[in-house]
Amino acid sequence: MATASIRPAAVAGYFYPDDARVLQAQIGEMLSTAVPLEAVSLPKALIVPHAGYVYSGPVAASAYATASGLRDVVRRVVLLGPAHRMHVEAFALPAAQFFSTPLGSIPISRKDWLALQARADVVVDDRPHALEHSLEVQLPFLQTILDAFELVPLLVGDASPAQVAEVLDQLWGGPETLIVISSDLSHYHPYAQACCTDRSSVEQILKLRPGLDHEQACGATPINGLIRTATQHGLEPHLLDLRNSGDTAGDRSRVVGYTSIAFCESARHAATARH
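Residue numbers (the UniProt record's numbering): 1 to 275.
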């Protein structure tokens with residue numbers, strides 16, 4: 001395995017611990033204490049936040065605790081998040097064939113990596129991925145709750161929701177595939193204002209109404225795409241957690257909002273599919 005084919009951890013020791021044992025202990029603690037607002041069936045897709053673990057980790061843990069029953073089922077994770085560090089036209093796929101964290105290396109799905117390159121809106125470029133945290137911070141959680149799996153990591157730039165929905169539909173797969181959308185909510189508002197803004201944004205998602213903007217969520221584009229695809233596939237969103245940095249580890253003068261939402265097959269859709 002050539003070193004050049006590995007995308008090394010960029011924010012270990014900054015967003016989360018760089019010592020494997022400390023990291024495992026921290027994730028284990030967050031998962032064991034997570035109490036989702038709603039008990040749901042096993043999810044097909046998740047929206048999870050991507051800040052430093054001290055800030056958003058407990059909120060993310062509510063989603064990953066809900067998905068922990070997928071350990072023996074999921075073998076592929078489709079992971080989309082916004083590009084913070086470098087402009088991306090539509091979608092950026094890494095050239096690297098492994099993503100590394102203190103918990104080990106995760107292989108990229110070679111089949112999907114090759115297939116996605118046939119799309120005119122996908123560029124293969126390691127540069128946007130090199131320092132990006134939105135995908136990386138999800139990986140130690142995924143490595144903890146799942147057995148061996150392959151990764152399809154896409155950074156989303158100026159894509160349209162329709163393009164995102166098309167990519168998600170292409171990668172949808174069956175029960176072996178979990179879709180994870182990495183996004184925070186509002187940024188740097190006073191606590192009371194953030195609570196109001198974020199509650200409104202979450203209500204919009206729960207009603208499956210696309211049209212979120214980037215003031216509401218930095219991952220608005222992939223969320224809007226997921227809403228479109230989830231509607232087509234008969235998924236229902238369930239709120240697992242909604243807090244902000246003022247609730248977890250920061251002061252309340254300028255907070256960042258976080259939510260975890262699970263998308264699960266609706267009972268009505270499941271019944272229809274059986275007939």
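A virtual CB, placed ideally from N, CA and C, is assigned to each residue, including glycine.
Nothing here was measured: the structure is a model prediction, and the numbers come from that model.
(message) If I measure Cβ to Cβ from S5 and keep anything under 7 Å in the same chain, skipping five residues before and after, which residues do I get?
(response) Here the set comprises A96, Q97, F98.
(message) Relative to the C-alpha of V11, which candidate in D112, Q138, V124 has its C-alpha closest?
(response) Nearest in C-alpha terms to V11, of all of D112, Q138, V124, is Q138.
(request) Would you tell me roughly how many angstroms separate the C-alpha atoms of T144 and A25, rounded to the nearest one? (result) Each residue's Cα considered, the two are about 11 Å apart.
(request) Put D158 into one of helix, strand or coil per three-state DSSP. (result) The three-state reading of DSSP puts D158 in coil, since its state is none of H, G, I, E or B.
(request) Give a yes or no on whether the C-beta atoms belonging to C218 and V40 are separated by under 8 Å. (result) Between C218 and V40, the CB-CB gap reaches or exceeds 8 Å.
(message) On the DSSP letters alone, give me the boundaries of the alpha helix (DSSP H) that L206 sits inside.
(response) Where L206 is concerned, the enclosing alpha helix (DSSP H) starts and stops at 191-206.
(message) With a threshold of 7 Å on Cβ separation, who are the neighbours of M86 within its own chain once the five nearest residues in sequence on each side are excluded?
(response) Around M86: R127, P128.
(message) Whole angstroms are fine: how far does the CA of R76 sit from the CA of E236?
(response) Approximately 21 Å, taken between the alpha carbons.
(message) Counting C-beta neighbours from all protein chains within 10 Å, is the total for A118 16 or more, i.e. buried, or is it exposed?
(response) Per the 10 Å Cβ criterion, exposed.
(request) Measure the alpha-carbon distance for P222 versus G234 and round it to whole angstroms. (result) Between the alpha carbons of P222 and G234 lies a gap of roughly 18 Å.
(request) Return the CA-CA distance between L135 and P36, expressed in angstroms with no decimal places. (result) Cα to Cα, L135 sits roughly 22 Å from P36.
(request) Any chance you could list the beta strand (DSSP E) runs of at least 3 consecutive residues sitting entirely within the segment 226-266, in chain order? (result) As far as the segment 226-266 is concerned, its whole beta strand (DSSP E) runs of at least 3 residues are 235-244, 255-265.
(message) In this structure, how does DSSP classify H133 when only helix, strand and coil are distinguished?
(response) Residue state, collapsed to three classes: coil.
(message) According to DSSP, is Y53 part of a helix, a strand, or is it coil?
(response) DSSP places Y53 in the helix class (H, G or I) of the three-state scheme.
(message) Measuring only from the beta carbon, is R76 closer than 7 Å to any heavy atom that is part of the ligand COA?
(response) The ligand COA is absent from the structure shown, which contains no ligands of any kind.
(request) Look at the Cβ atom of F91, then the Cβ atom of V167, and state whether they are nearer than 8 Å. (result) Yes; because the gap between Cβ atoms is below 8 Å, this pair is in contact.
(request) Compute the Euclidean distance between the alpha carbons of V164 and E29, then round it to the nearest angstrom. (result) Distance between the alpha carbons of V164 and E29 is about 34 Å.
(request) Whole angstroms is fine: what's the gap from A159's alpha carbon to R228's? (result) Each residue's Cα considered, the two are about 14 Å apart.
(request) May I ask you to list the residues that DSSP assigns as paired with A12? (result) Partner(s): Y16.
(message) If contacts are defined as beta-carbon pairs under 8 Å, then A45 and A65 qualify, I think. What distance do you get, rounded to the angstrom?
(response) That pair is no contact at about 16 Å.
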